[in-house]
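Structure first, then comments.
Residue numbers (this note's numbering): 1388 to 1852.
Below, the structure written as structure tokens:
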């Protein structure tokens, strides 16, 4: 750390002595390693310091101080950004994970949630009241980041995306003031997340749901390519008949002790177990099931169960593609690339279909990908560092092959939460993230953060056309 950084750190430590409720952690603190840990194992950045505010007013205090001293800062909740962007070299990390309140209003079917609450914590608190809301399937992910950038999840067909649940927001703005988002700003938050300010509270929709029928089905995968192809052909035939909104499936290929294995994460978001099991049998019949882990469960228990298949971190990168239809051409490209997929738990492939309630057009949202599509998640990750190059080569190869499919079948959009960010100015079009909302997002940024105080937030707009 150079002299200027030393002086900034000393001044910050002195300033925070008057605010003992805000934890102050440096690289020499005994709990630094655990509090700094993020999903990206490639991240080696050392922050100026980590601070953990306890309230919105604490966040406002920190933003004002950082702005007045010219200190760059970044906001951290779950720390699951695949590129490790919640830790930046020399920047102050404002860690919101202690701001995790849940205040339920049953009359309006909403809940006010703290800006740092994690998916598992939120599910636990709602479940105590027999309620649920769309969430991701990894308990350590920050809910606000997941939801504001889109929020694909296993309830999307029934209730919509995470972004569709947001009905209000409180944030610390570029002046360091705690403000309620008006409808104009709320539209930007629904899709562009924290680029306009630090989101310290969201008001979200909640739904009565005590139990779900959910879990994983794994299919015979000795001939993985044949299994993947036959399942998708059969699934398309079943889809033509019509699928109920309560049913959501995520296809996945993961590395297990038995080798690369094809599976389906099944979720029936209704307490009508009889109908759910009827549809479970239909999905089981789409292939030869060798392991059925589906059961009646609670949402917190389901989230805990998915942790068995998800590494706590990896080296490498994520890629996504949005495809209109799983045509024979697309299925063949994906299938043959499985042969290049390294045998590392960090390398994963998944498909999420965008149907049902998730298709509803929301003029009050900056989230751009509302056409019917399949989101292809290509996670070129490696738990073991020596496998990183092979993992990245696999994900890159598959992405490049998919670029050459029938252009009418390829949506010009990506999912920012899982895709590699633009790393230099002019590398990608902003419309790739926000679609036709791109210019509106830029106007909102100019209006609410003209000095670009929140320049380290995702996405870094200056890197896009």
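All residues carry an ideal CB built from backbone N, CA and C; glycine is no exception.
All values derive from a computational prediction rather than experimental measurement.
Just to confirm, is the Cβ distance from residue i to residue j under 8 Å?
{"i": "residue 1485", "j": "residue 1471", "result": "no"}
{"i": "residue 1591", "j": "residue 1500", "result": "yes"}
{"i": "residue 1560", "j": "residue 1566", "result": "yes"}
{"i": "residue 1707", "j": "residue 1789", "result": "no"}
{"i": "residue 1618", "j": "residue 1674", "result": "yes"}
{"i": "residue 1843", "j": "residue 1438", "result": "no"}
{"i": "residue 1477", "j": "residue 1422", "result": "no"}
{"i": "residue 1601", "j": "residue 1533", "result": "no"}
{"i": "residue 1785", "j": "residue 1686", "result": "no"}
{"i": "residue 1489", "j": "residue 1509", "result": "yes"}
{"i": "residue 1424", "j": "residue 1548", "result": "no"}
{"i": "residue 1588", "j": "residue 1556", "result": "yes"}
{"i": "residue 1698", "j": "residue 1733", "result": "yes"}
{"i": "residue 1527", "j": "residue 1599", "result": "no"}
{"i": "residue 1537", "j": "residue 1507", "result": "no"}
{"i": "residue 1837", "j": "residue 1803", "result": "no"}
{"i": "residue 1403", "j": "residue 1412", "result": "no"}
{"i": "residue 1465", "j": "residue 1513", "result": "no"}
{"i": "residue 1558", "j": "residue 1585", "result": "yes"}
For the beta strand (DSSP E) that contains residue i, what are its first and last residues?
{"i": "residue 1523", "result": "Note, residue 1523: premise wrong, no beta strand (DSSP E); not H, not E."}
{"i": "residue 1460", "result": "1460-1463"}
{"i": "residue 1593", "result": "Per DSSP, residue 1593 belongs to no beta strand (DSSP E) and is neither H nor E."}
{"i": "residue 1767", "result": "1760-1769"}
{"i": "residue 1557", "result": "1553-1559"}
{"i": "residue 1576", "result": "Unbroken run through residue 1576 is the alpha helix (DSSP H), 1570-1579; no beta strand (DSSP E)."}
{"i": "residue 1482", "result": "1479-1482"}
Per DSSP, residue i forms a beta bridge with which residues?
{"i": "residue 1529", "result": "1505"}
{"i": "residue 1602", "result": "1653"}
{"i": "residue 1736", "result": "1640, 1765"}
{"i": "residue 1499", "result": "1490, 1590"}
{"i": "residue 1741", "result": "1760"}
{"i": "residue 1851", "result": "1815"}
{"i": "residue 1565", "result": "1559"}
{"i": "residue 1585", "result": "1559"}
What does a CB cutoff of less than 7 Å around residue i pick up in its chain, not counting 5 residues either side in sequence?
{"i": "residue 1670", "result": "1604, 1636, 1651, 1653"}
{"i": "residue 1428", "result": "1700, 1701, 1702"}
{"i": "residue 1469", "result": "1426, 1427, 1704, 1705, 1805"}
{"i": "residue 1454", "result": "1563, 1840"}
{"i": "residue 1771", "result": "1731"}
{"i": "residue 1832", "result": "1582, 1583, 1848"}
{"i": "residue 1819", "result": "1799, 1800, 1801"}
Following the continuous alpha helix (DSSP H) through residue i, name the residue where it begins and the one where it ends.
{"i": "residue 1788", "result": "1775-1789"}
{"i": "residue 1642", "result": "Careful: residue 1642 lies outside any alpha helix (DSSP H), inside the beta strand (DSSP E) at 1634-1643."}
{"i": "residue 1495", "result": "Here residue 1495 belongs to no alpha helix (DSSP H), and DSSP marks it neither H nor E."}
{"i": "residue 1542", "result": "That residue, residue 1542, is in no alpha helix (DSSP H); it is neither H nor E in DSSP."}
{"i": "residue 1829", "result": "1825-1835"}
{"i": "residue 1797", "result": "Unbroken run through residue 1797: none, as it is neither H nor E."}
{"i": "residue 1627", "result": "1611-1628"}
{"i": "residue 1820", "result": "1818-1821"}
Skipping 5 residues on each side, what residues in its chain have a beta carbon closer than 8 Å to that of residue i?
{"i": "residue 1492", "result": "1498, 1499"}
{"i": "residue 1793", "result": "1714, 1716"}
{"i": "residue 1616", "result": "1718, 1719, 1722"}
{"i": "residue 1475", "result": "1432, 1434, 1459, 1461, 1843"}
{"i": "residue 1738", "result": "1637, 1638, 1639, 1713, 1761, 1762, 1763, 1764"}
{"i": "residue 1546", "result": "1520, 1521, 1552, 1592, 1594, 1656, 1744"}
{"i": "residue 1596", "result": "1517, 1518, 1519, 1656, 1657, 1658, 1686"}
Tell me which residues share the same chain as residue i and place their Cβ nearer than 6 Å to its Cβ, disregarding the 5 neighbours each side in the sequence.
{"i": "residue 1809", "result": "1815, 1850, 1851"}
{"i": "residue 1743", "result": "1544, 1632"}
{"i": "residue 1824", "result": "1753, 1755"}
{"i": "residue 1711", "result": "1760, 1796"}
{"i": "residue 1535", "result": "1576, 1580"}
{"i": "residue 1735", "result": "1641, 1766"}
task = Ignoring anything shorter than 4 residues or poking outside the stretch 1647-1722, list the alpha helix (DSSP H) runs there in chain order.
result = 1660-1671, 1686-1693
ask   = Fully enclosed by the stretch 1393-1461, which beta strand (DSSP E) runs are 3 residues long or longer?
value = 1410-1412, 1436-1439
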